[in-house]
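Just so we're aligned, residue 709 is where the sequence shown starts under our numbering, counting upward by one.
A short write-up of the structure that comes next.
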Amino acid sequence: GKSMKRLSRLSRGHRSWLATCPRPRYLSNKRKDVGSPYTDLQSTRQKDRTERPEKQKAALSSSGEPQGTQLPTRRQLWQLFLLSAVPFVGFGFADNFIMIVAGDAIDNSIGLRLGLSTLAAAGLGNLISDVCGIGLGEVVERYSMRLGLKDPKLTPEQYTLRKTRWVKSLACILGISLGCVLGMIPLLFLDDHKLYFFSKEEEALYEALFLKNNVPPLAFFNLIRKGKWKTAEPGDVIVNAGQRFDKVLLIRTGVAVAYFNDKEVYLYHGQQTDCKVPSNRPRRGCVIGGTALVDQSVARSVYKNKVIAEEEMHYMEWTLNDLKSAMEEDKHIRAAIFSILYRNLITGLRIEKKIKKQPSSAYSQIMEKREEYVSVLEAVLADGIVHPAERELVERFKEKHAITRDIHNM
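Encoded structure:
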């Protein structure tokens, strides 16, 4: 309404001019006439898009670096290399040195008491090394600057160059590698603690028989490495009768039976199978051939019994000379072996006493006769001289109690 009032106020000439004047044409987005401002604007934008990458490529040199940035000189690159490599030599040296020393100390102290593996001790040593590295970072950098290393004085644009970044990365890699190698120097002065690497079965054997006698882990390792682990199936012959037996066997698991003239005399058993052995069977513990360690004449004579595995056995085998040398080298090993033999003897005697209290069997009667016969022989041989009357006494005793040659040789 206001616009109509405004037009009515115009003069008649103005109204006639407005009627004859052409109306302006407005272009829509869909209409693109050639030569119009819209098409000119669109063509300008497309031209800029195609020319921009070309301008950027033209701004780069043939090596892919910006043309306006001055390349660093060889002297500057060498200074950058030393400035970057030397601190990392210190970092690598401190990290490896502390890790090895701390890990070795943990492995020999806490590791042995808590049963930690070597890798666990190394991990704890690495933890200590990393914690120390936090405080040593500034110290290493401070001492590196005291070496007189010069700053290459590169601009921020030069630090972004590909060549500069390659030199810096290579310096860091070589520096920390050299430092880690130098940090392994403690290995030249430490014992080879690979000796303490025990299998689970060796650890169980150590804890069951040798730890009680305060045997050091290194001494136990030397003892184990002088022997061989062996396995016997049920029915396998462990020791043949009538042959010299110059070995000592320590049974870990399983049961073996000793036979004399196809008759069971006693059995041997491992530590873990002690509870499974019937109480009415005589036993001799876990060591086969241990008597030769005490009596040299036994080692020179033939073995009278035949030992056969009754169930699957796993045992350690030493030659008699190797075991004796190990006992001579370390007094703890010597005490441990004799302690094992003593305990086996005491346990065997207690079991035999219990068996004797039971109704006597043919075997027990033979053993009783043998013990009485041995007592008579010990009394006759006490003075080292055998008189004819004593010899006659022994012969009468043999006839009265039916002491055969087999019983005499038992």
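Each residue gets a CB set at the ideal place from its N, CA and C atoms; glycine is no exception.
**Message:** Which residue wins for smallest C-alpha separation from W786, given the options A1000, S877, M1035, I932?
**Reply:** Position 78 of the sequence shown, counting from 1, holds the residue named residue 786. With distances taken between Cα atoms, W786 lies closest to S877.
**Prompt:** DSSP beta-bridge partners for S991?
**Reply:** To locate residue 991, count along the sequence shown from 1; it is residue 283. The sequence shown places Arg at residue 991, rather than the Ser named in the question. R991 pairs with L975.
**Asked** If you pair each beta-carbon of the segment 908-920 with each one of the segment 829-839, do three or more pairs fall below 8 Å?
**Response** no
**Asked** Measuring CA to CA, which of C880, D1030, S792, V963 is closest to K936?
**Response** As a working note, residue 936 is residue 228 in the sequence shown. It is D1030.
**Asked** Nearest to V839 by alpha carbon, out of I1045, T826, I806?
**Response** By 1-based counting over the sequence shown, the position of residue 839 is 131. The shortest C-alpha separation from V839 is found at I806.
**Prompt:** Would T1112 be called buried (16 or more neighbouring beta carbons within 10 Å of its own) or exposed?
**Reply:** Residue 1112 sits at position 404 when you count from the first residue of the sequence shown. Exposed: under 16 other Cβ atoms inside 10 Å.
**Asked** How big is the Cα-Cα spacing for V1010 and G997?
**Response** For the purposes of this step, residue 1010 is identified with residue 302 of the sequence shown, where counting begins at 1. For the purposes of this step, residue 997 is identified with residue 289 of the sequence shown, where counting begins at 1. Going by the C-alpha atoms only, they are around 11 Å apart.
**Prompt:** Can you tell which of T863, L835, N1052 has the C-alpha that lies nearest to the C-alpha of Q784?
**Reply:** For this step, residue 784 is matched to residue 76 along the sequence shown. Ranking the options by Cα distance to Q784, first place goes to T863.
**Asked** With 16 as the cutoff for other CB atoms within 10 Å, does Q866 come out buried or exposed?
**Response** Here residue 866 refers to the residue found at position 158 when the sequence shown is read from its first residue. Counting Cβ neighbours within 10 Å, Q866 comes out buried, since at least 16 surround it.
**Prompt:** How would you label D859, buried or exposed, when you count the other beta carbons within 10 angstroms and need 16 or more for buried?
**Reply:** For the purposes of this step, residue 859 is identified with residue 151 of the sequence shown, where counting begins at 1. Under this definition D859 is an exposed residue.
**Prompt:** How many Å lie between H977 and A964 at the Cα?
**Reply:** On the sequence shown, position 269 is the one that residue 977 refers to. On the sequence shown, position 256 is the one that residue 964 refers to. Their backbone Cα atoms lie some 6 Å apart in a straight line.
**Asked** When the distance is taken between beta carbons, is L1028 closer than 8 Å to A1007?
**Response** As a first step, residue 1007 must be located in the sequence shown, where it is residue number 299. As a first step, residue 1028 must be located in the sequence shown, where it is residue number 320. In this structure, L1028 lies closer than 8 Å to A1007 by Cβ.
**Request:** For T863, name the three-state secondary structure that DSSP assigns.
**Result:** Along the sequence shown, one-based indexing puts residue 863 at 155. DSSP places T863 in coil when its eight states are reduced to three.
**Asked** Cα separation between C880 and L855?
**Response** As a working mapping, residue 880 is identified with position 172 in the sequence shown. As a working mapping, residue 855 is identified with position 147 in the sequence shown. C880 and L855: Cα-Cα distance of roughly 17 Å.
**Request:** Please determine, among L926, L898, K1014, V973, the residue with the shortest C-alpha to C-alpha distance to G950.
**Result:** By 1-based counting over the sequence shown, the position of residue 950 is 242. Residue K1014 is the option with its Cα nearest to G950.
**Prompt:** So N929 is in the alpha helix (DSSP H); what residue range does that whole segment cover?
**Reply:** Locating residue 929 in the sequence shown gives position 221, where the first residue counts as 1. Note on identity: in this sequence residue 929 is Phe, with Asn being the wrong assignment. That run of the alpha helix (DSSP H) goes 925-933.
**Item:** Reduced DSSP secondary structure (H/G/I, E/B, other) of V875
**Value:** One-based indexing of the sequence shown puts residue 875 at position 167. DSSP places V875 in helix when its eight states are reduced to three.
**Asked** Leaving out the 5 sequence neighbours to the left and right, which residues in its chain are closer than 7 Å to T777 when beta-carbon positions are compared?
**Response** As a first step, residue 777 is located in the sequence shown; it is residue number 69 there, counting from the start. E865, Q866, L869, listed in sequence order.
**Item:** Cα-Cα separation between A927 and R989, rounded to whole angstroms
**Value:** Counting from one through the sequence shown, the residue named residue 927 turns up at place 219. Counting from one through the sequence shown, the residue named residue 989 turns up at place 281. Those two C-alpha atoms are separated by around 35 Å.
**Prompt:** Beta carbon of E1107, beta carbon of A1017: below 8 Å?
**Reply:** Along the sequence shown, read from residue 1 onward, the residue named residue 1107 stands at position 399. Along the sequence shown, read from residue 1 onward, the residue named residue 1017 stands at position 309. Not in contact: E1107 and A1017 (Cβ atoms no closer than 8 Å).
**Prompt:** Near F918, what residues of its chain come up, given a Cβ to Cβ distance below 6 Å and the 5 sequence neighbours on each side ignored?
**Reply:** Taking the first residue of the sequence shown as position 1, residue 918 is located at position 210. Cβ neighbours of F918 beyond the five flanking positions: F928, A1044.
**Asked** So, are the CB atoms of L895 and V797 less than 8 Å apart?
**Response** In the sequence shown, the residue the question calls residue 895 occupies position 187. In the sequence shown, the residue the question calls residue 797 occupies position 89. Not closer than 8 Å, so no.
**Request:** Look at E849 and P925 and say whether their C-beta atoms are less than 8 Å apart.
**Result:** Within the sequence shown, numbered from 1, the residue matching residue 849 stands at position 141. Within the sequence shown, numbered from 1, the residue matching residue 925 stands at position 217. Cβ atoms of E849 and P925: not closer than 8 Å.
**Asked** With burial defined as no fewer than 16 other Cβ atoms inside 10 Å of the residue's Cβ, what is the status of D1003: buried or exposed?
**Response** Along the sequence shown, one-based indexing puts residue 1003 at 295. Per the 10 Å Cβ criterion, exposed.
**Prompt:** Based on Cα-Cα distance, which residue from A810, L824, I1115 lies nearest to V1082?
**Reply:** The sequence position of residue 1082 within the sequence shown is 374, counting from 1. If we check each option's Cα against that of V1082, I1115 comes out closest.
**Prompt:** Quick one: what's got a C-beta closer than 7 Å to S1047's C-beta in the same chain, skipping five residues either side?
**Reply:** One-based indexing of the sequence shown puts residue 1047 at position 339. Cβ neighbours of S1047 beyond the five flanking positions: N921.
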